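Colleague: Please see the structure below; I have some questions.
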Amino acid sequence: MADDMPPVALPSVPPEPPVSAALVVYALYALTAAVSLFSAGFHIVPLLSLIGVIGLIIAYVKRSDAQGTWVASHLGYLIRTFWWAIFAGIVCWILGWLFAITLIGIPVALLLWIATPAWIIYRIVRGYLYFKDSKPIPA
Numbered sequence: 051m052a053d054d055m056p057p058v059a060l061p062s063v064p065p066e067p068p069v070s071a072a073l074v075v076y077a078l079y080a081l082t083a084a085v086s087l088f089s090a091g092f093h094i095v096p097l098l099s100l101i102g103v104i105g106l107i108i109a110y111v112k113r114s115d116a117q118g119t120w121v122a123s124h125l126g127y128l129i130r131t132f133w134w135a136i137f138a139g140i141v142c143w144i145l146g147w148l149f150a151i152t153l154i155g156i157p158v159a160l161l162l163w164i165a166t167p168a169w170i171i172y173r174i175v176r177g178y179l180y181f182k183d184s185k186p187i188p189a
């Protein structure tokens with residue numbers, strides 16, 4: 051009699067999003083940006099350190115696991131933050147060297163070197179506020 055029963059299809063359970071991995075990337079980026087902002091050296095490209103690159107690698111590796119979940123938008127956001135920070139750092143470096151020959155160039159260069167890690171911290175805080183509520187980053 052048990053052989054006459056058709057098999058019951060169980061609903062597929064969506065995979066768990068890699069929440070811990072995204073949280074680790076947020077933490078690594080925040081640590082790198084804070085160290086850059088408060089260090090005496092003012093790293094010109096804050097996320098281009100070993101800690102920032104490890105965060106980028108984690109984000110790229112876990113991006114496929116997060117596909118179709120709210121975490122995917124956060125990992126994409128963090129990856130874009132890294133690459134835009136690299137771009138901003140290069141622009142700051144070029145403008146800093148161009149403006150260094152004038153008296154006004156030194157304050158402009160310092161302002162740009164402080165603005166880049168501050169922008170990164172803003173992006174991290176903004177993203178984390180959505181992350182803690184389990185919401186995707188709005189486009």
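Here the sequence shown is numbered in the working numbering, starting from 51 and rising by one per residue. Ideal Cβ positions, reconstructed from N, Cα and C, are used throughout, including at glycine. Fair warning: this is a prediction, and the values are worked out from it, not measured in the lab.
#1: Output the residue ranges of the alpha helix (DSSP H) runs that lie fully inside the segment 69-134 and measure 4 residues or longer, sorted by chain position.
#2: Would you verify that the beta carbon of residue 133 is, or is not, closer than 8 angstroms to some beta carbon of chain B?
#3: Rounded to the nearest angstrom, what separates residue 110 and residue 143 at their Cα positions?
#4: For residue 66, which residues from the same chain have a beta carbon less than 6 angstroms from its beta carbon, with the 5 sequence-adjacent residues on both sides left out?
#5: Check whether the Cβ atoms of residue 180 and residue 187 sit closer than 8 angstroms, and answer yes or no.
#6: What would DSSP say about residue 182, mapped onto helix, strand or coil?
#7: If the criterion is Cβ atoms closer than 8 angstroms, does the pair residue 83 and residue 170 meet it?
#8: Assign residue 172 to buried or exposed, taking buried as 16 or more other Cβ atoms, counted over all protein chains shown, within 10 Å of its Cβ.
#9: Using the rule of at least 16 other Cβ atoms within 10 Å of the residue's Cβ for burial, across every protein chain shown, is residue 88 buried or exposed?
#10: Under three-state DSSP, which class holds residue 157?
Modeller: Looking at the coordinates:
#1: Qualifying alpha helix (DSSP H) stretches, in chain order: 69-88, 100-113.
#2: Although the question refers to chain B, the structure presented lacks it and comprises just one protein chain.
#3: Position 60 of the sequence shown, counted from the start, is the residue given in the question as residue 110. Position 93 of the sequence shown, counted from the start, is the residue given in the question as residue 143. The alpha-carbon atoms of residue 110 and residue 143 are separated by roughly 27 angstroms.
#4: The residue you call residue 66 lines up with position 16 of the sequence shown. Taken in chain order, the list of residues that qualify is empty.
#5: On the sequence shown, residue 180 is found 130 positions in, with the first residue counted as 1. On the sequence shown, residue 187 is found 137 positions in, with the first residue counted as 1. For residue 180 and residue 187, yes; Cβs fall inside 8 angstroms.
#6: On the sequence shown, residue 182 is found 132 positions in, with the first residue counted as 1. Correct three-state label for residue 182: helix.
#7: Numbered from 1 along the sequence shown, position 33 holds the residue referred to as residue 83. Numbered from 1 along the sequence shown, position 120 holds the residue referred to as residue 170. Residue 83 is a Cβ neighbour of residue 170, given a cutoff of 8 angstroms.
#8: Position 122 of the sequence shown, counted from the first residue, corresponds to residue 172. Result: exposed.
#9: Locating residue 88 in the sequence shown gives position 38, counting from the first residue. That one is exposed.
#10: Stepping through the sequence shown from its first residue, residue 157 is reached at position 107. If DSSP states are grouped into helix, strand and coil, residue 157 belongs with the helices.
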